[in-house]
Amino acid sequence: MTKLKQLWRLVQESHAQPIAGETRLAEIVGPNELGITFIGHSSFLLQLGGRAVLIDPVFAKHLIVLRRQRRPGLRINEMPAIDLVLLTHAHMDHLNIASLRRVVRSTQMLGKKAPDVIVPWGVKDLVAGLGFSHVHEMKWWEKLEVRGLNVTLTPCKHWGARMFSDTHRGYGGYVIEAGGNSIYHSGDTAYFSGFSEIGARLHPQVALLPIGAYFPDSYRTVHTSPEEAVRAFVETGAEWMVPMHFGTFNLGREPMDEPPQRLMAEAARLGISSKIKVLEEGETMRLFEQATKQRAPVFNPHQQSI
């Protein structure tokens, strides 16, 4: 089957069933807590250090003709004012122009300064005219302090072109640090040896890692399987893993409900199931902020959405 036929099959399948899932009100965490809210696909709302951060916010119903399968867990106009947006790369399921415009407008309507945005090298032109207060470009391992948050762009194994020929565009993940907490969002990536180095250099407390679009096996040149994601989690040394990049857009040929099942089966095999939290769209995981990196994180299971 040609690539065009494969794409058309995915588009047809994406329209076959009604959109599932529920949208929730954003859960606001306390001043001494870290909040991680799964919006869907690779989109998250992070609340840390008194700031609100969006990573790869995609609220659109369609990616051109490919329709999402589950609703975003949050509504833009019901979120807190956003201080910072992080974009991992230019692919349309991660950088959605309409969503970014709405995020900027919503924050300004709350009477707040428009958010800053951080992008990998070569991506600045795509977001320069969207109303952000400042556009920061980064290269791998560079570190910036933005609005009281320390942000490092980390390597990954993927690619960054938005269309076909713009191969100059960069890509990566991020580690965000504040209030003694650190969160690693890998971006899209295949398994590679860099997970150990990211862990050794930056010591993330929570790892947000992709588990979908791994079949056929050729897709694993740019995406991790669930088992590879567990291996990556272990190698980062993080205390907690939250999976992403599954269930929202039908990008691979595996069954839509298979990635989290395989993820938890592998975690059970290794005896680390308690360290992995599969969040529903709109669900928030809370951690108490830590005064020092040497202290173990404390998960508060009684203060997460049900």
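Residues in the sequence shown are numbered from -12 upward in steps of one, following the numbering used here.
Quick reminder that beta carbons are idealized off the backbone N, C-alpha and C, glycines included.
For clarity, every value in this text was computed on a predicted model and none was experimentally measured.
| field | Straight-line Cα distance separating Ile163 from His76 | value | Approximately 16 angstroms between the Cα atoms of the pair.
| request: Within the same chain, show all residues whose beta-carbon is closer than 8 angstroms to that of Asp103, passing over the 5 residues directly before and after it, in chain order. | output: Only residues of its own chain outside the window of five on either side were considered, and among them Asp70, Leu71, Val72, Phe119, Ser120, His121, Val122, His123, Val133 and Arg134 have a CB closer than 8 angstroms to the CB of Asp103, listed in chain order.
| request: Please classify Phe182: does DSSP put it in a helix, a strand, or coil? | output: DSSP, reduced to helix, strand and coil, places Phe182 within a helical segment of the structure shown.
| field | Span of the alpha helix (DSSP H) around Gln192 | value | Going by DSSP, Gln192 is part of no alpha helix (DSSP H) at all; its letter is neither H nor E.
| request: Please classify Arg134: does DSSP put it in a helix, a strand, or coil? | output: Judged by DSSP in its simplified three-state form, Arg134 adopts coil rather than helix or strand.
| Residue ranges of each beta strand (DSSP E) within the stretch 201 to 280, 3 or longer | Every beta strand (DSSP E) stretch that sits fully inside the stretch 201 to 280 and reaches 3 residues is listed by chain position as 227 to 231 and 271 to 275.
| query | Can you name the start and end residues of the beta strand (DSSP E) that Ser16 belongs to? | reply | Reading off the sequence shown, one finds Val at residue 16, where the question assumed Ser. No beta strand (DSSP E) contains Val16, which DSSP labels as neither H nor E.
| In the structure shown, what three-state DSSP assignment does Phe286 receive? | Caution is warranted here: a pLDDT of 43 is assigned to Phe286, below 50, making its placement in the model unreliable, and the coordinate value is therefore given only provisionally. Correct three-state label for Phe286: strand.
| request: Please list, in chain order, all residues of the same chain as Leu82 whose beta carbon is under 6 angstroms from its beta carbon, the five residues on each side excluded. | output: Short of 6 angstroms from the beta carbon of Leu82, and not among the five residues preceding or following it, lie these beta carbons of its own chain, in chain order: Leu74.
| field | Alpha-carbon spacing of Gln290 relative to Val16, whole angstroms | value | Note that Gln290 has pLDDT 41, beneath the 50 cutoff, so the model's placement of it is unreliable and the number below is only indicative. Gln290 and Val16: Cα-Cα distance of roughly 9 angstroms.
| query | By the 10 Å Cβ neighbour count, where 16 or more other Cβ atoms means buried, how is Met96 classified, buried or exposed? | reply | By the 10 Å Cβ count, Met96 comes out exposed.
| task | Kindly list the residues whose CB is nearer than 6 angstroms to the CB of Ala126, restricted to its own chain and excluding five residues on each side of it in sequence; keep chain order. | result | First, the amino acid is wrong: residue 126 is Lys here, not Ala. The answer, listed in chain order, is Trp108.
| Would you report the Cα separation of Leu274 and Lys262, rounded to the nearest angstrom? | Each residue's alpha carbon lies about 13 angstroms from the other.
| From the DSSP output, which residues share a beta bridge with His123? | Under DSSP, His123 takes part in a beta bridge, and its partners are Ile105.
| said: Going by the DSSP bridge assignment, what does Thr24 pair with across the sheet? | reply: Partner(s): Leu32 and Thr271.
| task | With a threshold of 16 other CB atoms inside 10 Å of the CB of Asp175, please say whether the residue is buried or exposed. | result | Asp175 comes out buried.
| Touching or not, the stretch 245 to 261 and the stretch 179 to 190, by the rule of three or more beta carbon pairs under 8 angstroms? | The stretch 245 to 261 is not in contact with the stretch 179 to 190.
| Using the C-alpha atoms, what's the distance from Glu222 back to Ile63? | Ile63 and Glu222: Cα-Cα distance of roughly 34 angstroms.
| field | Nonlocal neighbours in the same chain, by C-beta distance under 6 angstroms from Arg149, ignoring five residues either side | value | Closer than 6 angstroms at Cβ, skipping near neighbours: Ala77.
| task | Rounded to whole angstroms, what's the CA-CA distance from Leu196 to Ile170? Just pull it up for me. | result | Spanning the two alpha carbons is a distance of roughly 11 angstroms.
| request: Run the CB neighbour count on Glu229, radius 10 Å, all protein chains shown included, and call it buried at 16 or more, exposed below. | output: This sequence places Val at residue 229; Glu is not what is there. The residue in question, Val229, is buried, as its Cβ has 16 or more Cβ neighbours within 10 Å.
| request: Give the DSSP-derived three-state secondary structure of Ile293 in the structure shown. | output: Interpretation of Ile293 is limited by its pLDDT of 27, a score under 50 that renders its predicted location unreliable; the figure taken from the coordinates is listed afterwards. In the three-state reduction of the DSSP assignment, Ile293 falls in the coil class.
| So is Ser152 buried or exposed if we call it buried at 16+ other beta carbons inside 10 Å? | That one is exposed.
| field | Spatial neighbours of Lys100 in its chain, beta-carbon cut-off 7 angstroms, leaving aside the 5 residues before and after | value | Ser120.
| query | Just reading off the beta strand (DSSP E) that Glu38 is part of, what are its end residues? | reply | Sequence inspection shows Arg at residue 38; the Glu mentioned does not correspond to that position. Per DSSP, Arg38 belongs to the beta strand (DSSP E) from Arg38 to Ile42.
| query | For Arg55, which three-state DSSP category applies? | reply | If DSSP states are grouped into helix, strand and coil, Arg55 belongs with coil.
| query | How many whole angstroms separate the CB atoms of Leu189 and Thr139, which I take to be in contact at a CB cut-off of 8 angstroms? | reply | At roughly 6 angstroms, the Cβ-Cβ gap stays under 8 angstroms, so Leu189 and Thr139 are in contact.
| request: Tell me, please, which residues DSSP counts as bridged to Ser173. | output: Looking at the DSSP assignment, Ser173 forms no beta bridge with any residue, so it has no partner.
| query | DSSP state of Val110, grouped into three classes? | reply | Coil.
| request: Give the DSSP-derived three-state secondary structure of Thr10 in the structure shown. | output: DSSP places Thr10 in coil when its eight states are reduced to three.
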